[in-house]
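Trainee: Here it is, the structure, as structure tokens.
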Amino acid sequence: MTVDVLQSLRFLFPDGLLPNLTHLKFAEYTNSYFQYLPMFLSPRVICMRLRLATLNARVGSLLSSLPPRFLSGSNPSLRNLEVIFPSEGEFTHLSGLLSSLQTWHNLQRLYVSVADVDVFLRVSRLPYLHTLILQDFKGQPSDRDQESLHDPTHLFPALRLFEVETTLAIGCKLLPFLQRSKLECLSIYRNSEITPNDTGTKALMDFVKCVGDICDPFCLKALRIRARKSRYAKFSNILHPLRDFSMLKSFKLCLQKSPELSSEHVVWIGESWPNLETLSITSSEAVDYPSTVLSIFASLASQCPKLHRLKLEVDACYFTDRAAIFMRLTQADGFRNSVSSLKYLDVSTSPIEGKELVAAFLSEIFPDLRCIRSSVTNKTYNSRWQKIGQLLLPMLSMTKKRERFLLDETKGSTMTASSKRDWATDDLSRLEYYWDPMVEGDGSDGDDEIDLDGGESTDDDTIEIRH
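Residue 109 in the UniProt record's numbering sits at position 109 of the sequence shown, with consecutive numbering throughout.
Below you can see the structure in the form of structure tokens.
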């Protein structure tokens with residue numbers, strides 16, 4: 001759409017082009033089109049997503065003129081707001097738009113690519129806000145801001161998902177504002193360099209303790225922590241404050257060097273997090289030999305039966321561990337009684353030798369495996385894991401056939417017709433062994449988190465504008 005067309009439309013429709021529009025996406029890649037945004041707004045807009053090419057005084061002035069268009073009635077329609085702009089812009093230019101946040105009392109989801117404490121506090125009393133995502137968070141609560149904690153009853157009453165890009169130390173200062181929330185998903189990360197005071201293990205331990213003290217253990221379902229400067233952390237110290245979080249379904253941890261995961265830790269995970277479905281423990285720096293060994297997969301298979309997504313760096317080269325695995329595989333029944341439901345395995349940069357032994361081991365403990373993935377960082381190991389994927393397909397098929405035979409022998413008389421039909425059609429031709437070079441080192445899949453978007457639609461009343 002050219003500037004001439006937009007000018008003509010603005011002349012022909014001075015009161016707005018689409019009075020019944022409910023969904024608007026405005027993506028500006030040059031700074032000459034934003035002035036035409038108001039002509040597409042209407043009091044009925046439910047979802048608005050703005051991607052700005054720049055943030056200056058002129059754009060800020062236009063942003064300040066937008067809120068009245070959403071406040072023409074006593075019941076503002078806006079439910080979902082996303083504002084994305086370059087981090088190098090002056091944040092003060094957003095004040096006109098963000099100062100009206102607390103008046104949009106029906107807002108349910110807010111995403112801002114650069115935010116500060118003022119934004120955080122302005123939305124804290126919105127009664128229906130269930131999702132808050134603040135990237136590139138600047139500053140921290142002052143002593144005066146902390147005064148609102150004396151009566152936290154009305155702070156974030158409906159919040160269920162909070163994601164923030166900041167340091168762990170600042171995260172500890174933000175969490176008390178959420179103490180009355182029924183938080184289900186919590187994510188904290190920092191991509192850029194952080195201050196020297198926030199580089200050690202203490203900040204991580206303080207944050208995990210803060211989560212344990214403030215979050216409701218019967219509500220929290222997903223926890224993601226990425227602290228790329230933290231290392232030498234003991235996994236037992238990380239787990240201890242979270243021992244009562246029995247509803248946890250997803251746990252993702254990325255440190256500079258991932259902590260060792262032992263069989264004792266896995267037993268603890270299985271007992272404390274019986275509903276765990278996703279586990280990701282990774283390091284932000286490549287290591288030659290991870291401290292966790294391959295046989296840990298067997299412990300995970302037996303202790304975490306609901307686990308279906310796993311990302312873990314293991315040492316698949318350690319000779320004595322390989323010998324122990326071989327002994328266990330040759331035992332009577334081996335792992336034939338595995339109840340693991342794991343379907344997606346990401347081994348990241350794990351070193352590997354003895355492809356056939358590793359493939360046989362995985363086929364026994366993860367009989368439902370559907371996808372295996374590794375990082376392209378190390379071409380040699382990546383090539384070997386690709387070979388694992390090729391070896392696994394026939395092995396898993398044999399495992400399934402054996403399971404069918406055993407099931408027929410032990411439970412054939414009690415199986416329903418539906419169950420028999422499922423077993424008969426459950427072939428292994430769907431195994432995928434793909435290698436995605438864009439996989440991040442933080443272990444975030446992005447496909448297992450709780451959907452809290454409020455049921456956004458892309459019906460005919462949606463318009464997307466790109467320039």
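Ideal Cβ placement from N, Cα and C applies to all residues, glycine included.
Using only CA atoms, which one of LEU310, ILE238 and PHE251 lies nearest to LYS202?
Mentor: Taking only the C-alpha atoms, the option nearest LYS202 is ILE238.
Trainee: Is GLN179 closer than 7 Å to ILE225 when the C-beta atoms are compared?
Mentor: No, the pair does not count as a contact, with Cβ atoms beyond the cut-off.
Trainee: Going by the beta-carbon positions, is the gap between GLN303 and GLY270 smaller than 7 Å?
Mentor: Yes, the pair counts as a contact, with Cβ atoms nearer than the cut-off.
Trainee: If you count every other CB in all the chains shown that lies within 10 Å of the CB of HIS308, and 16 or more means buried, which is it?
Mentor: Buried, by the Cβ-count rule.
Trainee: By Cβ distance, which residues of its chain are closer than 6 Å to GLU163, with the 5 residues on each side in sequence left out?
Mentor: Excluding residues within five positions, the ones whose Cβ falls inside 6 Å are ILE133 and SER187.
Trainee: If you draw a straight line from the alpha carbon of ARG109 to that of LEU129, how long is it in whole angstroms?
Mentor: Distance between the alpha carbons of ARG109 and LEU129 is about 6 Å.
Trainee: Would you mind sorting PRO14 into buried or exposed? The rule is 16 or more other CB atoms within 10 Å of its CB.
Mentor: Classification of PRO14: exposed, given that the 10 Å Cβ count is below 16.
Trainee: Cα separation between LEU52 and CYS371?
Mentor: Cα to Cα, LEU52 sits roughly 38 Å from CYS371.
Trainee: Taking MET48 as part of the beta strand (DSSP E), name the residues at either end of that continuous run.
Mentor: 47-51 is the extent of the beta strand (DSSP E) around MET48.
Trainee: In whole angstroms, what separates the C-alpha of LEU18 from that of VAL5?
Mentor: One C-alpha to the other measures close to 15 Å.
Trainee: Less than 7 Å between the beta carbons of GLU184 and LYS229, yes or no?
Mentor: No. Outside cutoff.
Trainee: List the whole-angstrom C-beta distance separating GLN102 from ARG122, where the pair is believed to meet the contact cut-off of C-beta under 8 Å.
Mentor: Indeed, because the Cβ distance is near 5 Å, the residues count as touching under 8 Å.
Trainee: Could you spell out the range, first to last residue, of the beta strand (DSSP E) harbouring ARG109?
Mentor: Run containing ARG109: 109-112, per the beta strand (DSSP E) assignment.
Trainee: In angstroms, rounded to a whole number, what distance separates the CA positions of GLN35 and PRO290?
Mentor: Taking the straight line joining both Cα atoms gives about 54 Å.
Trainee: Looking at CYS210: is its Cβ nearer than 7 Å to the Cβ of CYS254?
Mentor: No, Cβ-Cβ distance for CYS210 and CYS254 is not below 7 Å.
Trainee: Where does GLU313 land, buried or exposed, given buried means 16+ other C-beta within 10 angstroms?
Mentor: Buried, since its Cβ has 16 or more Cβ neighbours within 10 Å.
Trainee: How far does the alpha helix (DSSP H) with ASP346 in it extend, from its first residue to its last?
Mentor: From DSSP, ASP346 is part of no alpha helix (DSSP H) but of the beta strand (DSSP E) over 344-346.
Trainee: Verify whether the separation of the beta carbon atoms of ALA316 and LEU294 is less than 7 Å.
Mentor: It is a contact, given that the beta carbons lie within the stated cut-off.
Trainee: For LYS249, which three-state DSSP category applies?
Mentor: Correct three-state label for LYS249: coil.
Trainee: Just list the alpha helix (DSSP H) runs in the stretch 142-178, keeping only unbroken ones of 4 residues or longer that don't cross its boundaries, in chain order.
Mentor: Listed in chain order, they are 143-146 and 168-174.
Trainee: For VAL314 and chain D, any beta-carbon pair shorter than 7 Å?
Mentor: The chain inventory of the structure shown lacks chain D, comprising one protein chain alone.
Trainee: By Cβ distance, which residues of its chain are closer than 6 Å to LEU175, with the 5 residues on each side in sequence left out?
Mentor: Cβ neighbours of LEU175 beyond the five flanking positions: CYS210 and ILE214.
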